[in-house]
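All remarks here apply to the structure that follows.
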Amino acid sequence: MKQQFFNVLILVFGVIGLANAQITGTVIDDDSVPLPGASVVVKGTTTGSTTDFDGNFSINAEPGDNLVVSYIGFETKEVTATSGAMRIQLSSGVALSEVVIVGSRNPNRTATESTVPVDVIDMAELNNVAPQVNLNQILNYVAPSFTSNTQTISDGTDHIDPASLRGLGPDQVLVLINGKRRHTSSLINVNGTFGRGSVGTDLNAIPASAIQRIEVLRDGAAAQYGSDAIAGVINIVLNKSVNELNATVTTGANFSKNANDQTGGVDGESTNVAASYGLPLGENGGYINLSGDFDVREDYSRMKEWEGEVFNQYNVVERFANNDGYDLSALLDDDVTDVIQYANQAGIALNGATTKEELQPILSQDATTSELAARNQQRSDYNMRVGQSALRGGRLFANFALPLDDNGTEVYSFAGISSRTGNSAGFYRLPNQSRTYTPAYINGFLPEINSTIKDRSLSVGIKGKINEWNVDLSNTYGKNSFLYTIGNTFNASLQNASPTFFDAGGFSFAQNTSNLDVNRFFEDVMSGLNVAFGAEYRVENYDIVAGEEASYSQYTADGQRITLASQQPSQDFFGNARPGGSQVFPGFSPSNELSRGRSSIAGYFDVEADFSEKWLASFATRFENYSDFGSTINFKLATRYKISDNLNIRGAANTGFRAPSLHQINFNSTSTIFDQNGNPQEVGTFANNSRAAKLLGIPELKEETSSSVSLGFTANIPDANLTFTVDGYYVEINDRVVYTGQFQGPGTGTELDNLLRQANATAASFFANAINTESRGLDVVITHKTNIGDNFRLKSDLAGTFSRTNQIGDINASEVLRNAGQVDTYFPEDSRVYLEEAVPRTKVNLSNSLTSDRWIMFLRNVYFGEVTEATTVVANQQVFGTKLVTDLSIGYKASDALTLTIGANNLFDIYPDRAEESFGNRSGGRFDWSRRAQQFGIGGRFLFARVNLALK
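Quick note on numbering: the sequence shown equals residues 1 to 952 in this note's numbering.
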């Protein structure tokens, strides 16, 4: 009896508890269609549920609890639980309807209502399904107007990928974080890649896990945001989420037919570990969010084998002497008795030669085939590493806001720190070359460039209201540094005294920006009027730090550093001068070392008026004064007209400018640059205020100026769940800064010859306002969403860009250059190709995301247009055809907290067209695929697996 009583009590209280603990409801989209697989969580707890195929949920909660409801592609919503069936409607996507920061200072403006095209990219969705984990590659595959690729055999550019918008330069797009100007990288691209001569922003210093969304403004905006915004603006909005831990581990590798020097298999392994967590602060919606990641990326190579010469007969002599235990450096003196002895042992026919001069033509003859066999080696033992550099690094970002009252007063801050090290390799130094000191490296060597890249930033501000005006006062600081250490290398001129590891110095760039922004929205004026104005003060500093002496100096045979023209460097057996400095990357010398700064002050005025419910127009102007080149004023006029509720037309016209960077004004160094035949050239980069520049008639740098127009429309077909945006544009840029070709002295002891000798260089290059260009194009975006049966939702995005950039008018060369016949060196043919044809002018991607309560399936096809080999010989300019790359991933939601994903980038292992022998660009087998023209890289198929843990 007693047992039955307790059973009844348990049953009664269980029913009462269940009645109090179950909240039920339905989650729907803005078309009242149920959303299967939506997440419903009791705020501040780990209690959660997921909607079923009909959008229904049941969760252990009580009336009055706060529920957080979220779904991929929709805005997260917080609601109060009620007894009875709840009906929760989510607003569709950040993709089209979320209020944007960039492009308009109206706090109520959404992407589809804007006067200019703005892409809004939801990072939460991409972080779950996309194969890419670094920001450059994520954008390269999701935003057609954005281009970025990993470079190879290009010194520091192997470690920081150049990126561009609308086919313009990496330094013609402005990057913001939370609406504040981001500092650029300290690296300037001077080797043979797209963007040569430019300075970009290191987007890979920002962890993808720290980003809520990315806004890409595809229109000139210098009148709104200042210098650099000629092509557009990328605004990165940081995470604000709280009471939610997101942790992701992604690992993958290239499973490709051409992996491991085209032998097949697996290479290029990478692992990324990322996490994000936030805490609420105060009672008014304050927060602090910490996000970061750590990754390791191994190198890979796609060179099959070296096809050129490796050994000469002198190397045969060295092998015999080495086997005999003889000091190989003793073979280099003028007493050739030992050389003759070992040549005779090797069976080399000397034909009676008894002096070094007589032996030189005999011993310079090729002996590659026989010597490879004698040393039991393969040609592939002399391969370069043509592909991807190795990287290892970590990033941490914080985003903070704390409201101080109920009137909108808020202090805020965001900060980031990143550090990564890289390792890439240069051209193999072969035994038969004068730059190889064979007593130290009898088989030659593959020199390595090691980078240490550090980035830090901090922004603090306070915003609030003063008499109905929104006021925002902020200060943003950022610094990027790039240091080189060169390993497995040699200073050939130092001979036996040379180290094999060098501190080569480096550079850094710092920027501090103070902003005051004021705006007010007048709701009762016309159909709405927004007025904004503000000021900016910016300070920049660029430093070059010298390396150790042996990294940059050239020495005589007795070890004296060369400082006079009368001194002669050490020589190889054949009388060739041995180059100085660390092989692959000579260090910065004290003569290169500098610290240069400048400041700028700016003021802007911006007005945006809804003249009626249908017509919107805006006007912006900005004045800016730089301490080093003067003043500029720019304007922008934009409008949008609503033909109907579902059709808008929009257009804009603006002027813009880009101040030459401190890097372009001041960078000077000597670096080894290989020509189209793979022959090394020691090229000195001289500043425009240098004596060398004056001798050649190259003027000092000035700002680039631009003018542009755009026209487009946005359309919505509700019955078909379709949206369209189509925008055409034209941009003209005058006095565009480029990196010149290589000027050589006459070799007759002129002042230019002496300047080159002092710089340890054989040629000179400069930055110059050499050309004018025009760019035109069309951007198209189509979005569709639909339900498939009762269980699945399909979202499809088709986006394409069709662009073309051309040089217009004559080259802006001085009379000195024209009279000397050097105009084609000032802006050579390969520079034209880099500008016009080295990256795809057409790119189209079709992305499809199919989701249910448990499954997330993602399929993307990206079409890359043709590109052209950048070479000075027109007959060698091979055109590489169009390609289609497919990405596929499948995710399974094992629980509310755990998602497992597997997938592939480049599923079908597609490669660009191979370099054809008839065009003469393979450099003896070094480059079976072009290193100067990039579409999507040469990694091949990349397979990955990902585990995502989301605790709410």
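We put the CB at the ideal spot given by N, CA and C, even for glycine.
From a predicted model like this one, the values you see are computed outputs, not experimental measurements.
DSSP beta-bridge partners for I733?
Paired residues: S706, T773.
For R538, which beta-bridge partners are listed by DSSP?
The partner list for R538 (beta bridge, DSSP) reads T513, S600.
Can you tell me where the beta strand (DSSP E) holding T851 begins and where it ends?
Taken as a continuous stretch (DSSP letters only), the beta strand (DSSP E) holding T851 covers 842–851.
Run through DSSP, which three-state label would E269 get?
The answer is strand: DSSP assigns E269 an E or B state.
Give the straight-line distance between the Cα atoms of Y342 and A492, rounded to the nearest whole angstrom.
Computed Cα separation, rounded: 24 Å.
Tell me which residue opens and which closes the alpha helix (DSSP H) that Y225 is part of.
222–225 is the span of the alpha helix (DSSP H), which, as asked, contains Y225.
Helix, strand or coil for D955 per DSSP?
Here the chain comprises residues numbered 1 to 952, so residue 955 is not present and cannot be evaluated.
When we look at the beta-carbon of K257 and count the other beta-carbons within 10 Å, is it buried (16 or more) or exposed?
K257 is exposed by the Cβ-count criterion.
According to the Cβ coordinates, are G728 and S710 closer than 8 Å?
In this structure, S710 lies closer than 8 Å to G728 by Cβ.
Where does A875 fall in DSSP's three states?
Note: A875 maps to helix in three-state DSSP.
Hey, out of D228, Q212, Y225, F502, whose CA is closest to I236's CA?
The shortest Cα separation from I236 among D228, Q212, Y225, F502 belongs to Q212.
Excluding sequence positions up to five away, which residues of its chain have a Cβ less than 7 Å from the Cβ of D366?
The residues are E309, N312.
Determine the DSSP secondary structure at E624, reduced to helix, strand or coil.
Residue state, collapsed to three classes: strand.
State yes or no: is the C-beta of I230 within less than 8 Å of the C-beta of G603?
The answer is no: Cβ separation not under 8 Å.
Quick check on V40: buried or exposed, where buried means 16 or more other Cβ atoms within 10 Å of its Cβ?
Buried.
Mind checking which residues open and close the beta strand (DSSP E) that includes F792?
Start and end: 792–808.
Near E700, which residues of its chain fall below 7 Å by C-beta distance, leaving aside the five closest residues on each side in sequence?
The residues are N688, N689.
For Y428, decide whether its Cβ has a neighbour in chain B, counting only Cβ atoms nearer than 8 Å.
Annotation note: the requested chain B is absent from the structure, which comprises a single protein chain.
Under 8 Å by Cβ, that's how I've got T825 and T740 pegged, so tell me the actual separation to the nearest angstrom.
Indeed they touch by this definition, with Cβ atoms about 7 Å apart.
In angstroms with no decimal places, state the Cα-to-Cα distance between N948 and L846.
Their Cα atoms are separated by approximately 25 Å.
In terms of residue numbering, what span does the beta strand (DSSP E) encompassing F944 cover?
942–951 is the extent of the beta strand (DSSP E) around F944.
I need the DSSP call for T369, collapsed to helix, strand or coil.
Of the three classes helix, strand and coil, the one that applies to T369 here is helix, per DSSP.
Using beta-carbon positions only, say whether N127 and A208 come within less than 8 Å of one another.
Contact: yes.
To the nearest whole angstrom, what separates the beta carbons of A950 and S930, a pair I think is in contact under 8 Å?
Wrong, their Cβ atoms sit about 42 Å apart, outside the cutoff.
So what does A617 bridge to, in DSSP terms?
Its beta-bridge partners are A609, T639.
To which residues does DSSP link D122 through a beta bridge?
The partner list for D122 (beta bridge, DSSP) reads R213.
Could you give the C-beta distance for R456 and T421, rounded to a whole number, given that I count them as a contact under 8 Å?
Not quite, the Cβ-Cβ distance comes to about 16 Å (not below 8 Å), so this is no contact.
In angstroms, rounded to a whole number, what distance separates the CA positions of A510 and K795?
Between A510 and K795, the C-alpha separation is close to 42 Å.
Just tell me which of G408, N351, S419, N383 has its CA closest to the CA of R395.
Comparing Cα-Cα distances from R395 to each of G408, N351, S419, N383, the minimum goes to S419.
Between the segment 643–657 and the segment 711–731, do three or more beta carbon pairs fall short of 8 Å?
In short, these stretches touch, since the Cβ pair count reaches three.
Where do the N-terminal and C-terminal ends of the alpha helix (DSSP H) with V316 fall, by residue?
313–323 is the span of the alpha helix (DSSP H), which, as asked, contains V316.
Counting along the chain, where does the alpha helix (DSSP H) carrying K304 start and finish?
Unbroken run through K304: none, as it is neither H nor E.
Excluding five sequence neighbours on each side, which residues of the same chain lie with their C-beta closer than 8 Å to the C-beta of T500?
Contacts found: A440, G487, N488, T489, F490.
Looking at the unbroken beta strand (DSSP E) that takes in R297, where does it start and where does it end?
From DSSP, the beta strand (DSSP E) with R297 extends over 286–297.
Leaving aside the five residues before and after G169 along the sequence, list all residues of the same chain whose C-beta is less than 7 Å from its C-beta, in chain order.
Same-chain partners within the cutoff: G195, S198.
Any idea if N592 is buried or exposed, counting beta-carbon neighbours within 10 angstroms, 16 or more meaning buried?
It is buried - the Cβ of N592 has at least 16 other Cβ atoms within 10 Å.
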